[in-house]
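Visitor: Counting the sequence shown from 1 gives a position; my numbering is that position plus 2.
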Amino acid sequence: MAAATTSFMDLALEEAQAAADRGEVPVGAVIVDDGRVLAHAGNATEATGDPTAHAELLAIRAAIAALGANARGRALTGCDLYVTLEPCPMCAQAIAFARLRRLYWGAGDPKGGGVEHGARIFDQASCHHRPELYPGIGERRAGALLTAFFRARR
């Protein structure tokens, strides 16, 4: 695994930890354009009361805002997303719409995932863009964060 890949996932894991510290499900996301971090976010559904405030969607919105006029017409083509948990179907569809080039994720999500599990959004005929997929990056750390978070709530 390349050092850059590890460091971008490390930043996503920092966002996930910050989300956990705020009482949010610990998921963090980072969007990178040509080696430059455009945006990073952690889950904020509790803080905002918005069920769509997943880390991936917040990062996509921030990345598009960071690109400004440069994003018009290309969405996030050429950008990569690092996220600590396999995206849910809602986020997977947003990733397709944003036309992200690559998707790296940590822990798989057999219950709520939308990429390798569940709806498998990118395998559907109605999906018009499929990023390159790289599962299991930082999987052990991401899984441990999630396990600790949910164990503390039981």
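We put the CB at the ideal spot given by N, CA and C, even for glycine. Only a predicted model underlies this, so the values are computations on that prediction, with no experimental measurement involved.
Just how far apart, CA to CA, sit A64 and A43?
Guide: Distance between the alpha carbons of A64 and A43 is about 8 Å.
Visitor: Where G140 and S128 are concerned, what is the direct C-alpha to C-alpha distance, given to the nearest angstrom?
Guide: Computed Cα separation, rounded: 30 Å.
Visitor: Note the first and the last residue of the continuous beta strand (DSSP E) segment covering C81.
Guide: Here the beta strand (DSSP E) through C81 covers C81 to L87.
Visitor: Taking C-alpha atoms, which residue in P91, E17, A49 and F152 lies nearest to F124?
Guide: Selected option, being the one with the closest Cα: P91.
Visitor: Does the Cβ of P28 have 16 or more other Cβ atoms within 10 Å, making it buried, or fewer, making it exposed?
Guide: Buried.
Visitor: Does DSSP put D125 in a helix, a strand or coil?
Guide: Note: D125 maps to helix in three-state DSSP.
Visitor: Looking at C-alpha atoms only, which residue of A154, Y106, A146 and L15 is the closest neighbour of P133?
Guide: Nearest option by C-alpha distance: Y106.
Visitor: Taking Cβ positions, are A18 and T86 nearer each other than 7 Å?
Guide: It is a contact, given that the beta carbons lie within the stated cut-off.
Visitor: In angstroms with no decimal places, state the Cα-to-Cα distance between E16 and E88.
Guide: Between E16 and E88, the C-alpha separation is close to 17 Å.
Visitor: Looking only at DSSP bridge pairs, what is R142 linked to?
Guide: Bridge partners of R142: none, in fact.
Visitor: If you run the structure through DSSP and keep just helix, strand and coil, what is G70?
Guide: DSSP places G70 in helix when its eight states are reduced to three.
Visitor: To the nearest angstrom, how far is the alpha carbon of K113 from that of A146?
Guide: The straight-line gap from Cα to Cα measures roughly 17 Å.
Visitor: Would you report the Cα separation of M11 and E118, rounded to the nearest angstrom?
Guide: Spanning the two alpha carbons is a distance of roughly 19 Å.
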